[in-house]
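Peer 1: Here you go, one structure.
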Amino acid sequence: MAIPSKQLYSRSKIWLEDADGKVVFASGRLRILKAIEKTGSIHAAAKELKMGYRAVWARIHATEERLGAQLLEKRIGGAAGGGSCLTPLAEELVHAFTRLQQDIEHETDDQFKQLENILNIKIAGASPPESEPE
Numbered sequence: 001m002a003i004p005s006k007q008l009y010s011r012s013k014i015w016l017e018d019a020d021g022k023v024v025f026a027s028g029r030l031r032i033l034k035a036i037e038k039t040g041s042i043h044a045a046a047k048e049l050k051m052g053y054r055a056v057w058a059r060i061h062a063t064e065e066r067l068g069a070q071l072l073e074k075r076i077g078g079a080a081g082g083g084s085c086l087t088p089l090a091e092e093l094v095h096a097f098t099r100l101q102q103d104i105e106h107e108t109d110d111q112f113k114q115l116e117n118i119l120n121i122k123i124a125g126a127s128p129p130e131s132e133p134e
């Protein structure tokens, strides 16, 4: 007997936090770094993400402090203008965290298939959560 319900989605969230429970890195910060990599500046990334500059900067700064490592290399302005680019560490972090998210999504989808059989329902694949740690 199928359980009547609306569409169900499998969800999973991952993030790193410090000993005090403060977010060090999560998908929101991943989006920020990817936007900076794409646009070449914190200001342009904030605009693309529809966030305030200070909010973006604060998350980057908090992550750098909690990791004890620099994530951005800042370029001073001038005729060509200033900007920011990812440090090699930040590039590796973006790559590794993206891969980890993908691997976990695939594994989560596989595991939820067991629930489909138990409950005799259909669970759609992972969809982006509405809110998660920044």
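Numbering of the sequence shown is given in full-length UniProt numbering, commencing with residue 1 and proceeding in unit increments. Where is the CB? At the ideal position from N, CA and C, for every residue including glycine. Predicted, not measured: the structure shown is a model, and the values here were computed from it.
(1) Can you give, in chain order, each stretch of the alpha helix (DSSP H) that sits fully within the region 11–77 and has at least 4 residues?
(2) Work out the CA separation of Leu8 and Gln111 for me, nearest whole Å.
(3) Check Ile104 in the structure and name its three-state DSSP category.
(4) Using a 10 Å radius around the Cβ and a threshold of 16 neighbouring Cβ atoms, would you call Arg29 buried or exposed?
(5) Can the beta-carbon of Ser27 be found closer than 8 Å to that of Glu105?
(6) Measuring alpha carbon to alpha carbon, tell me which residue in Thr98, Glu92, Ala35, Phe97 is nearest Gly83.
(7) Looking at the strands, I want to know which residues DSSP matches up with Ile118.
Peer 2: For this structure:
(1) Those alpha helix (DSSP H) runs which fall completely within the region 11–77 and span 4+ residues are 27–39, 42–49, 53–67.
(2) In this model, Gln111 and Leu8 are separated by some 14 Å (Cα to Cα).
(3) The answer is helix: DSSP assigns Ile104 an H, G or I state.
(4) The residue in question, Arg29, is buried, as its Cβ has 16 or more Cβ neighbours within 10 Å.
(5) Not a contact, by the Cβ cut-off of 8 Å.
(6) Nearest C-alpha to Gly83: Ala35.
(7) Under DSSP, Ile118 takes part in no beta bridge, so it has no partner.
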